[in-house]
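Here the structure is laid out as structure tokens; the discussion comes afterwards.
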Amino acid sequence: MASLPPVVVANTLKLDSEFRKLSAPPLPLEKRSYTPKEPNSMSSDLKESVSSVGEGNRKLESSHYFPILQECMLQNSVSGVESVHCQIIKSGFGEELFLMTFLVNVYAKCWEMGSARKVFDNLPKRNAVAWTSLISGYIYNSRPELAVGIFNEMLEAGVCPTNYTLGVVLNACTSLCDFNLAKQIHGYIVKHDLACDSSIGNALCSLYSRCRNLALAISVFENIEEKDVISWTAVVSACGDNGNSAKGLAMFVKMLVGGVEPNEITLTSVLSLCCTMQALDAGSQVHSLIIKLGYGSDLRLTNSIMYLYLKSGCISEAKKLFFGMSSISLVTWNAMIAGYAEMISLAEDALSAYLCGIEALQIFQQMNRLGLRPDLYTFSSLFSVCSSLVALEQGEQFHAPTIKTGFLSDVIVATALVNMYNKCGSINQASKAFLEMSTRTLISWTSMITAFAQHGLSEQALHVFEDMRRVGVRPNKITFVGVLSACSQAGMVDQAFAYYEMMKNEYRINPVMDHYACLIDMFVRLDRIDEAFDFIKKENLIPNEFIWSILIAGCRSKGKLELAFHAAEQLLELEPKDSETYLLLLNMYVSAGRWKDVSRVRKMMRDAKVDKIVDWSWISIQNKVHSFKFSSKKHHQDELTELLDDLIERAKPLGYKAETALEIDGEEKEEATTTSATAHHSEKMAVAFGLINTSGKVEIRVTKSTGMCRDCHSFIKIVSLLTSRTVIIRDSKRLHKFHKGECSCKDFGGLV
DNA sequence: CTAGGGTTAG
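In the UniProt record's numbering, the protein residues as written are 1 to 752.
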């Protein structure tokens, strides 16, 4: 960078010495790029004014051209600008600095940088404003690297940058992650005490935010002498971008108290904070404010509010907005689809989750019927919906369009695709999609590692992890959950602890319960239960519900019933809130015939107001989803129960011993359990339905609302053997892939 | 005449 001449900006504030330490661990944040709009045709009014400009050789003042150029710019009419440009030349204003500078700006805003550049090059004299126009033009056209080049040319030409120039160039650095240049400019700003200027201060605030230094971003904001709406908006979104939404909301309140009126951009930022915080109250207050300030029909704001309502589960409010909107954009449809997709994970029970998924797909169909082309946001939401529904066929149908449209090259879409294949149990398609990705983020790598681990393919999981390290992607704690669970499933004790140490020492990640749970699960699988307890003692762990459940399930399957009951008592002392935990305990006591304990647990459930457990299963066949609910009533002798009974009979000689499990369907049942109780668990029926309605070697995919019970698990293992079919069941805890009589969870899938 | 902030996604 050429040396900077002094800048003419008044300044009084001293910079905090903190500012001198611009530590920039650049966290690559992909900035969304603009999509140039198609040039528009002019409105009839505009056409008239453009043609009247040259009429009758009237001699116009140069100032007359500004409003009409502005109108052309607003209407994005390149041809309008061009014909006005011609008139300007004809009238002899072609060298007027102010007018030509404005024209540079106008061409830039119409995505015509070539013309903007030509106008600039023809200027006989260029002042700082002209240079700044060109620089900002390149930034507007998503070419920050060219903007920085022009900035250097400007300095070489000996033109002194203004505060605007510095602000613009700093923003270019921010979007380029060019922290070297930023540092030089920063030094210059510090030396000349310019940080209190709002154009510079705002840019610094964004820069620090991008450097993940929220404290600095805030302190630079505090030092801005005249904080305007944009300063406030910048600091509010800086808080949001750095994971401190509460601080952002507080800043927004401060802004209001200070009497600064937010504009629609501030309000969108605030709504996005409310969204991540799930702050429905604050959100609806902002909604009222929006209406009060007259932004009630702003499309972008309405989209955000609608999404917020959906994400908070206020479907009726969201729908009211949706149907009340006078115009709807693709973003509106996407927000609806994404909102319903989001509600799947927030749903209280599996049935409503399933209904949300169906609704999301129906909204997409409506959008499709209206002829709207989906974009990358649409596709990533759709993939996420399909994975929740375990609707492989649907998901596959969206794969090809993402290739054709090129959206698959987006890393988020591609990751969503990998995830979809994984969650639908198709690990081969998942890994194929992963290998075809051109760029991978931490999340892509982590998804693939977790996917292999979930399918019991530990070696592949660890292989991917090593590849990830090799290319220099830094794992996070979720990555290590995947790695440790891979080791745990394969019983690789030494490796597990090696990775555990690596996580703590090399990556400075503090272990959380999920990590401990993997290691404990590993000891339990290896029937080294003493070591599991030793580990708990050594790490001073206070086991949570989850860890006790692992211990119980492990002790049970190893036949160590006394230990299992001991663990169960510990678990009960925690007064669990999770209904499935109670289901595990109930089943345990039922199979041991300990009826007193059964009623004790039932009483605890009532006291804890735990949700009733509703056993649903779904199977998607030819894009239609069929659902089954557990029913203890004896079914009619239809085709389905006939097949089921037949399978049960054929399974018995192969070692299937129907275990007792409790009947749970919401109503209190008699405590007596018989084998017929588990015979009609919903997943058995869904699998039987799949066997009847598909043929050949088609894999059967079922989703289930609760955890699988041990009885169904061992039954379906045998079914996969008897029928030579692969059966994939995703229950509330994990994925079970049954193949040739084995399950990918190796019988430690947290069965109840 | 030049700037600066923003919706929906894994």
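For every residue, glycine included, the Cβ atom is placed at its ideal position computed from N, Cα and C.
On the criterion of 16 or more Cβ atoms from any shown chain inside 10 Å, does residue i qualify as buried, or is it exposed?
i, result
"residue 756", "For the chain, the structure presents residues 1 to 752; residue 756 sits outside this window and is missing."
"Asp121", "exposed"
"Leu22", "Low per-residue confidence applies at Leu22: pLDDT is 44, beneath 50, and the placement is therefore not dependable enough to give any value."
"Gln454", "buried"
"Asn152", "exposed"
"Ala400", "exposed"
"Ala246", "exposed"
"Thr673", "Any reading at Thr673 must be qualified, since the residue scores a pLDDT of 39, below 50, and its modelled position is unreliable; the value itself is stated next. It is buried - the Cβ of Thr673 has at least 16 other Cβ atoms within 10 Å."
"Asn540", "exposed"
"Arg373", "exposed"
"Ala250", "exposed"
"Ala24", "The predicted position of Ala24 is uncertain, since its pLDDT is 38 and thus under 50; no value can be drawn from it."
"Ser439", "The sequence shown places Thr at residue 439, rather than the Ser named in the question. Counting Cβ neighbours within 10 Å, Thr439 comes out exposed, since fewer than 16 surround it."
"Val78", "buried"
"Val8", "Here the model assigns Val8 a pLDDT of 35, short of 50, so the residue's position is not dependable, and the following value carries that caveat. Under this definition Val8 is an exposed residue."
"Lys697", "exposed"
"Glu95", "exposed"
"Ile150", "buried"
"Phe748", "buried"
"Lys609", "exposed"
"Arg126", "buried"
"Gly114", "exposed"
"Lys423", "buried"
"Leu103", "buried"
"Phe715", "buried"
"Glu683", "buried"
"Ile427", "buried"
Can you name the start and end residues of the beta strand (DSSP E) that residue i belongs to?
i, result
"Ile621", "Trp616 to Ile621"
"Thr694", "Careful: Thr694 lies outside any beta strand (DSSP E) and carries neither H nor E."
Opposite residue i in the DSSP bridges: which residues?
i, result
"Cys743", "Phe738"
"residue 753", "The displayed coordinates of the chain run from 1 to 752. Any statement about residue 753 would go beyond what the structure contains."
"residue 753", "What is shown of the chain runs 1 to 752, which leaves residue 753 out entirely."
"Lys629", "Trp616"
Terminal residues of the continuous alpha helix (DSSP H) containing residue i?
i, result
"His713", "Arg710 to Thr723"
"Val260", "Segment: none, Val260 is in no alpha helix (DSSP H) and carries neither H nor E."
"Tyr500", "Val493 to Glu501"
"Arg369", "Ala350 to Arg369"
"Val129", "Ala128 to Tyr140"
"Pro67", "Tyr65 to Leu74"
"Arg117", "Met113 to Asp121"
"Phe748", "Careful: Phe748 lies outside any alpha helix (DSSP H) and carries neither H nor E."
"Asp521", "Met513 to Arg525"
"Glu95", "Premise fails: Glu95 is in no alpha helix (DSSP H) and is neither H nor E."
"Thr479", "Lys477 to Ala490"
"Leu214", "Leu214 to Glu222"
"Ala658", "Taken as a continuous stretch (DSSP letters only), Ala658 belongs to no alpha helix (DSSP H), as it is neither H nor E."
"Glu649", "Glu639 to Ala651"
"Thr439", "Note, Thr439: premise wrong, no alpha helix (DSSP H); not H, not E."
"Arg508", "Arg508 -> no alpha helix (DSSP H), and no H or E assigned at all."
"Asn428", "Ile427 to Leu435"
"Leu181", "Phe179 to Lys191"
"Met154", "Pro144 to Glu156"
"Val752", "No alpha helix (DSSP H) holds Val752; DSSP gives it neither H nor E."
"Gly243", "Run containing Gly243: none; DSSP gives neither H nor E here."
Is any heavy atom of the ligand HEM found at a distance shorter than 8 angstroms from the C-beta of residue i?
i, result
"Ile692", "The model on display carries no ligand, and the ligand HEM is accordingly not part of it."
Quiz item: Do the segment 701 to 711 and the segment 719 to 730 touch if we need at least three Cβ pairs shorter than 8 angstroms?
Solution: The segment 701 to 711 is in contact with the segment 719 to 730.
Quiz item: If you scan the segment 542 to 622 from start to end, which runs of the beta strand (DSSP E) of 3 or more residues do you find wholly inside it?
Solution: Counting only runs of 3 or more residues that sit fully inside the segment 542 to 622, the beta strand (DSSP E) segments are 616 to 621, in chain order.
Practice problem: Output the residue ranges of the alpha helix (DSSP H) runs that lie fully inside the UniProt repeat "PPR" (441 to 475) and measure 4 residues or longer, sorted by chain position. | Solution: Entirely contained in the UniProt repeat "PPR" (441 to 475), the alpha helix (DSSP H) runs reaching 4 residues are, in chain order, 442 to 454 and 458 to 470.
Quiz item: Three or more C-beta pairs closer than 8 angstroms, one from the segment 645 to 655 and one from the segment 374 to 382: is that the case here?
Solution: Contact check between the segment 645 to 655 and the segment 374 to 382: fewer than three CB pairs, one atom from each, fall below 8 angstroms, which does not count as touching.
Quiz item: Would you say the segment 440 to 454 touches the segment 471 to 491, given that touching needs at least three Cβ pairs under 8 angstroms?
Solution: Taking a contact to require three or more Cβ pairs closer than 8 angstroms, the segment 440 to 454 and the segment 471 to 491 qualify as touching.
Quiz item: Residue ranges of each alpha helix (DSSP H) run of no fewer than 4 residues wholly in the segment 270 to 352, ordered along the chain?
Solution: Qualifying alpha helix (DSSP H) stretches, in chain order: 280 to 292, 299 to 311, 315 to 324 and 330 to 346.
Quiz item: Counting Cβ pairs, one atom from each stretch, are 3 or more of them under 8 angstroms apart for the segment 301 to 320 and the segment 333 to 353?
Solution: A contact exists between the segment 301 to 320 and the segment 333 to 353.
Exercise. Could you tell me whether the segment 162 to 177 touches the segment 191 to 206, using the rule of 3 or more Cβ pairs below 8 angstroms?
Key: The segment 162 to 177 and the segment 191 to 206 touch, with no fewer than 3 CB-CB distances between them shorter than 8 angstroms.
Quiz item: For the segment 250 to 265 against the segment 222 to 241, are there 3 or more C-beta pairs whose distance is under 8 angstroms?
Solution: These segments touch.
Quiz item: Does the count of Cβ pairs from the segment 679 to 693 and the segment 615 to 633 closer than 8 angstroms reach three?
Solution: The segment 679 to 693, when compared against the segment 615 to 633, does touch it at the 8 angstroms Cβ threshold.
Quiz item: On the three-pair Cβ rule with 8 angstroms, is the segment 522 to 532 touching the segment 545 to 564?
Solution: Using a C-beta cut-off of 8 angstroms, the segment 522 to 532 makes contact with the segment 545 to 564, since at least three inter-stretch Cβ pairs fall below that distance.
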